[in-house]
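In this note's numbering, the protein residues as written are 82 to 536.
Worksheet: one structure, shown below.
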Amino acid sequence: MRRTLIVDVLNSESPVESITVCGWIRTRRDARDFSFVEINDGSCLANLQCIVDRGTLADASLGQASTGAAIEVGGELAPSPGKGQKWEIKASEIRVFGLADPETFPLQKKRHTDEFLRGIAHLRPRTNKYGAAFRIRSEAGYAVHEFFHARHFAWVHTPLLTGSDCEGAGEMFRVTTLAPGDKNVEADFFNKTCSLTVSGQLEAEALAMGLGRVYTFGPTFRAENSNTPRHAAEFWMIEPEMAFADLEDLMELAEGLVRHVVAHVLDKCAADVELFDRFVDKGLKDRLQHMLQQPFARISYTGAIDILLAAKDANFVYPVKWGMDLQTEHERYLAEEHFKRPVIVHDYPKEIKAFYMRANDDRETVAAMDVLVPGIGELIGGSQREDRLDVLEGRIGELGQNPDDYWWYLDLRRYGSVPHAGFGLGFERLLMMLTGIANIRDVIPFPRTPGSLEF
Ligand code: 4AD
Ligand code: MG
82 MRRTLIVDVL NSESPVESIT VCGWIRTRRD ARDFSFVEIN DGSCLANLQC IVDRGTLADA
142 SLGQASTGAA IEVGGELAPS PGKGQKWEIK ASEIRVFGLA DPETFPLQKK RHTDEFLRGI
202 AHLRPRTNKY GAAFRIRSEA GYAVHEFFHA RHFAWVHTPL LTGSDCEGAG EMFRVTTLAP
262 GDKNVEADFF NKTCSLTVSG QLEAEALAMG LGRVYTFGPT FRAENSNTPR HAAEFWMIEP
322 EMAFADLEDL MELAEGLVRH VVAHVLDKCA ADVELFDRFV DKGLKDRLQH MLQQPFARIS
382 YTGAIDILLA AKDANFVYPV KWGMDLQTEH ERYLAEEHFK RPVIVHDYPK EIKAFYMRAN
442 DDRETVAAMD VLVPGIGELI GGSQREDRLD VLEGRIGELG QNPDDYWWYL DLRRYGSVPH
502 AGFGLGFERL LMMLTGIANI RDVIPFPRTP GSLEF
């Protein structure tokens with residue numbers, strides 16, 4: 082390829098006589114004899130400075146190109162006398178692909194609010210912050226695959242169109258080809274109700290019963306009408322499922338995964354993390370490094386309730402008592418204030434958890450675990466699965482459901498059942514943790530939230 086990426090240019094060991102780069106102009110400064118043009122091509126945070134000698138290169142070649150314009154620059158890569166940059170290009174050739182009218186192009190060089198940039202989600206990948214966020218998103222995804230691949234987990238693809246509600250929370254988007262108002266489900270595309278999946282877990286369990294260790298990594302959908310900075314209607318989830326594994330194995334896997342991704346991103350996205358540390362969330366880098374230095378805390382749900390009850394100064398909105406579902410304020414208190422690091426809470430009351438979680442001998446709790454992290458609260462939710470057919474059937478009945486609807490899921494317990502366990506990690510919440518970005522809408526290129534479906 083004729084074009085060299087700026088990330089490669091900046092890592093160059095030596096000058097290059099002739100090189101071609103492409104990018105969008107971030108700034109252009111015209112002096113008497115020279116124009117200084119900084120371009121960015123998205124391959125890294127840094128811009129590349131191009132020096133245009135207006136004596137030798139016709140001024141017209143750069144023309145009206147200003148902030149936002151797309152150009153190609155050919156020339157010599159030479160050591161830069163300027164501070165903060167090793168190389169610059171002495172341009173000998175310039176081609177302008179597309180101009181950006183300064184009167185109307187919204188991304189002029191100044192600070193913009195997150196809200197403003199959300200309104201131009203199609204242009205915000207060209208800013209430093211969102212470029213960095215989406216590069217980290219890409220690297221973190223790569224690190225997830227790397228982690229599982231090294232441990233012989235098969236990446237499996239579970240359906241997005243589904244007839245079952247895994248979480249039983251009734252937060253499903255309906256998918257239909259029926260005309261509006263037509264309620265004849267029998268005549269619908271699948272002859273039954275179809276929804277977008279909230280989780281690939283049930284199918285992942287079936288795959289784990291053959292492949293041993295599997296994980297999903299794909300989109301999931303929730304029609305929960307909660308307008309919070311941590312909920313999106315469409316988000317990506319990572320769901321490993323392991324045969325021949327218990328809750329202890331699961332906690333180890335969860336902790337290992339999070340730490341692997343943190344280490345990978347600190348290593349591969351140093352400049353991008355630095356940007357977030359300086360401008361978005363001071364102390365981010367220290368906090369991430371701290372996560373690598375000591376193990377996550379662990380505590381039972383009962384122990385966590387005791388801590389929350391003793392937290393007299395916390396002034397929780399939701400009063401604390403055994404049996405309640407932990408609210409974000411409680412989760413954050415545990416991770417941020419009490420343990421000051423990620424904490425795994427395990428063995429929750431069965432009443433607040435899903436039907437598939439394995440009942441403990443005390444008959445009150447299930448072998449569940451959530452990973453709570455500072456700044457966010459719940460990052461991961463999972464459990465050892467109920468592998469005993471009669472207990473699982475009983476639980477489904479208790480919840481007023483029809484076991485026939487789960488016939489294939491129950492078959493997994495009927496034939497060659499094994500202790501097994503899995504969890505779901507919300508990829509966007511992980512990205513919030515990695516960047517310090519406080520709103521989930523800003524780690525997703527085109528977020529879907531209640532009332533918002535532009536782009
Ligand atoms: O705790 P959840 O609901 O668990 C499940 O769906 C299980 N079936 C997972 C499993 O065991 N295989 O969701 C898992 C994680 C949460 O911890 C959270 O990080 C994320 O998914 N999550 C969301 N992220 C963004 N927006 C939402 N609306 C989310 N709902 C859950
Ligand atoms: Mg959960």
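Even for Gly, the Cβ is constructed at its ideal location relative to N, Cα and C.
C-alpha distance - residue i paired with residue j, whole-angstrom precision
| i | j | result |
| --- | --- | --- |
| residue 331 | residue 321 | 9 Å |
| residue 314 | residue 328 | 29 Å |
| residue 523 | residue 298 | 20 Å |
| residue 356 | residue 401 | 38 Å |
| residue 437 | residue 198 | 41 Å |
| residue 210 | residue 194 | 11 Å |
| residue 349 | residue 283 | 34 Å |
| residue 360 | residue 295 | 38 Å |
| residue 151 | residue 104 | 6 Å |
| residue 221 | residue 341 | 9 Å |
| residue 495 | residue 324 | 15 Å |
| residue 375 | residue 316 | 29 Å |
| residue 511 | residue 238 | 21 Å |
| residue 486 | residue 318 | 25 Å |
| residue 527 | residue 307 | 18 Å |
| residue 148 | residue 111 | 13 Å |
| residue 502 | residue 289 | 10 Å |
| residue 154 | residue 365 | 36 Å |
| residue 300 | residue 417 | 29 Å |
| residue 212 | residue 369 | 20 Å |
| residue 481 | residue 215 | 44 Å |
| residue 287 | residue 434 | 21 Å |
| residue 85 | residue 121 | 12 Å |
| residue 538 | residue 455 | Residue 538 lies beyond the range of the chain shown here (82 to 536); nothing can be said about it. |
| residue 236 | residue 302 | 20 Å |
Contact test: residue i Cβ vs ligand 1 heavy atom, cutoff 7 Å
| i | result |
| --- | --- |
| residue 542 | Residue coverage of the chain in this structure runs from 82 to 536, which leaves residue 542 outside it and unanswerable. |
| residue 136 | no |
| residue 237 | no |
| residue 447 | no |
| residue 84 | no |
| residue 501 | no |
| residue 359 | no |
| residue 480 | no |
| residue 427 | no |
| residue 247 | yes |
| residue 375 | no |
| residue 222 | no |
| residue 420 | no |
| residue 467 | no |
| residue 130 | no |
| residue 282 | yes |
| residue 512 | no |
| residue 270 | no |
| residue 303 | yes |
| residue 312 | yes |
| residue 464 | yes |
| residue 509 | yes |
| residue 505 | yes |
| residue 94 | no |
| residue 106 | no |
| residue 320 | yes |
Beta-carbon proximity check, residue i vs residue j, cutoff 8 Å
| i | j | result |
| --- | --- | --- |
| residue 446 | residue 430 | yes |
| residue 519 | residue 206 | no |
| residue 202 | residue 508 | no |
| residue 91 | residue 191 | no |
| residue 183 | residue 204 | no |
| residue 420 | residue 411 | no |
| residue 513 | residue 457 | yes |
| residue 462 | residue 471 | no |
| residue 345 | residue 449 | no |
| residue 506 | residue 460 | yes |
| residue 353 | residue 126 | yes |
| residue 119 | residue 107 | yes |
| residue 468 | residue 426 | no |
Any non-hydrogen atom of ligand 4 closer than 7 Å to residue i Cβ
| i | result |
| --- | --- |
| residue 412 | With respect to ligand 4, the structure shown offers nothing to examine, as its ligands consist of ligand 1 and ligand 2. |
Inset, instruction - Determine contact between the segment 257-270 and the segment 220-237, defined as no fewer than three beta-carbon pairs at a distance below 8 Å. - result: no
Inset, instruction - May I have all residues whose beta carbon comes closer than 7 Å to any heavy atom of ligand 2, sorted in chain order? - result: 451, 459 and 462
Legend entry - Segment contact, 8 Å Cβ cut-off, at least three pairs: the segment 241-256 with the segment 264-279: yes
Legend entry - Three or more C-beta pairs below 8 Å linking the segment 112-131 and the segment 160-176: yes
Legend entry - Cβ contact (3+ pairs, closer than 8 Å) linking the segment 403-413 and the segment 373-389: yes
Legend entry - Contact the segment 92-100 vs the segment 142-161: 3+ CB pairs below 8 Å: yes
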